[in-house]
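Novice: Residue numbers (our numbering): 79 to 322. All C-beta atoms, glycine included, are put in the ideal place defined by N, C-alpha and C.
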């Protein structure tokens, strides 16, 4: 997705403060928003929730309640509209992301990738489709149903996940070309552009996957990962999990 905003969160999950310049302000049905030249705030999408935090500008501290993409722009929605809102354009500001929330969502996202990579690595009937990396009931959804006993599969994935977390495998995100992505990724979504830089995330030697989310740098940061249940419905299978 092309945008005038440099997406700094792609470069460093752990950066929770930065500077930016206001490019544009506006309002829509969700509320008032600011568009910046660069951002460390993650815009909700890809199964991962929005970052929240604050923007400090002109001696004001403005709460950021939601960040999202809209027609290629990154909109930072704010909880209050300053009286001098329009005058903020061109001003520099300080960005402060809620660090605890950022790390929690990064852990949930990495945990989802780990589950998907283990299941996909079996090259069985299940193929990872999407993840839901929110606080409220995170899960990974797969196309297909297990060949055998679902609970046995869940136990197998749990055991392997525990082993890989103990090994503290690295989690590496990097920008690649489309040709490089084809060489590294087992499955490639049809909607990915072929003429723009793309990002892949890999856990150790497990399958790399295209991803624009935030991740921790190694599996030990997950602490523990518990697979809660496995359920198949209408040809798809969900594995629910939690981290602790």
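1. Please say whether residue 121 and residue 147 have beta carbons closer to each other than 8 Å?
2. State the DSSP-derived secondary structure class of residue 188, mapped to helix, strand or coil.
3. Residue 131: buried (16+ other C-beta within 10 angstroms of its C-beta) or exposed?
4. Per DSSP, what are the beta-bridge partners of residue 132 in this structure?
5. Run through the region 197 to 284 for me and flag every whole alpha helix (DSSP H) of 4 or more residues, listed as ranges in chain order.
6. Let me know the secondary structure DSSP gives residue 324 once reduced to three states.
7. Can the beta-carbon of residue 208 be found closer than 8 Å to that of residue 315?
8. Between the beta-carbon of residue 189 and the beta-carbon of residue 206, is there less than 8 Å?
9. Which first and last residues belong to the beta strand (DSSP E) in which residue 82 is found?
10. Tell me the DSSP secondary structure of residue 163 in three-state form.
11. Is residue 120 helix, strand or coil when you go by DSSP?
12. Just the Cα atoms here: how many angstroms apart are residue 249 and residue 255?
13. Which value, in whole angstroms, describes the spacing of the CA atoms of residue 230 and residue 237?
14. Tell me the residue span of the beta strand (DSSP E) that contains residue 151.
Specialist: Well, looking at it:
1. Yes, the pair counts as a contact, with Cβ atoms nearer than the cut-off.
2. helix
3. Buried, by the Cβ-count rule.
4. 141, 174
5. 228 to 245, 256 to 262
6. No answer is possible for residue 324: the residues shown for the chain start at 79 and end at 322.
7. no
8. no
9. Premise fails: residue 82 is in no beta strand (DSSP E) and is neither H nor E.
10. helix
11. coil
12. Going from the Cα of residue 249 to the Cα of residue 255 covers about 19 Å.
13. Inter-residue distance for residue 230 and residue 237 is about 11 Å (C-alpha atoms, whole angstroms).
14. 151 to 156
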